[in-house]
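Novice: In UniProt numbering, the protein residues as written are 1 to 152.
#1: With DSSP as the reference, identify every bridge partner of residue 139, one or two as the case may be.
#2: Helix, strand or coil for residue 134 per DSSP?
#3: Does the structure place the region 42 to 62 close enough to the region 117 to 126 that three or more beta carbon pairs sit under 8 Å?
#4: Which partner residues of residue 110 appear in the DSSP bridge assignment?
#5: Suppose the cutoff is 7 Å on Cβ atoms and the five residues either side in sequence are ignored; what does the same chain contact list for residue 83 look like?
#6: For residue 150, name the three-state secondary structure that DSSP assigns.
#7: Is residue 141 near residue 120, with beta carbons less than 8 Å apart?
#8: Quick one: grab the DSSP three-state call for residue 13.
#9: Per DSSP, residue 167 forms a beta bridge with which residues?
#10: Taking 8 Å as the threshold (C-beta atoms), are residue 137 and residue 114 in contact?
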């Protein structure tokens, strides 16, 4: 005949829903933490590149100033070797290697036009929680330019 249904037919389903929401929240937290870590690591690298470019733009000497003929503005002359040496010295003085993992100076660092110091730094970021997925870290790159100008 007819069966009597006793008890709640949906018992236990709320637990599965809660577990699903907790897993979703943990996934979102992991992604946000990883993205934030990469963003902050890139900003650290960019800050180091900016400082190094500024230091490298000041590497000219007065004997390297060109354009001293009447009617021409004097201009500083940079050399790629001096720019690279200034970048290495700046990174050593600021101890950027302690803050940035796998910090390297790219071979692109130098001066493209003898007036601009171009600094290209490479590094790696190790995001929290999911570091086991990318054991070598996520590679990051930062470029910065600084121009040497003489003004009165």
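A virtual CB, placed ideally from N, CA and C, is assigned to each residue, including glycine.
Specialist: So, to answer that:
#1: For residue 139, which the question treats as bridged, DSSP gives the partners 124.
#2: Residue 134 falls in the coil class under three-state DSSP.
#3: Contact holds: three or more Cβ-Cβ distances are below 8 Å.
#4: Answer by DSSP bridge pairing, in chain order: 118.
#5: Within the same chain, and ignoring the five residues on either side of residue 83 in sequence, the residues whose Cβ sits closer than 7 Å to its Cβ are 56, 59, 109, 110, 111, 117.
#6: Three-state DSSP puts residue 150 in coil, outside helix and strand.
#7: It is a contact, given that the beta carbons lie within the stated cut-off.
#8: Looking at residue 13 - three-state DSSP - the assignment turns out to be helix.
#9: In the structure as shown, the chain starts at 1 and stops at 152, and residue 167 therefore has no counterpart that could be examined.
#10: Not a contact, by the Cβ cut-off of 8 Å.
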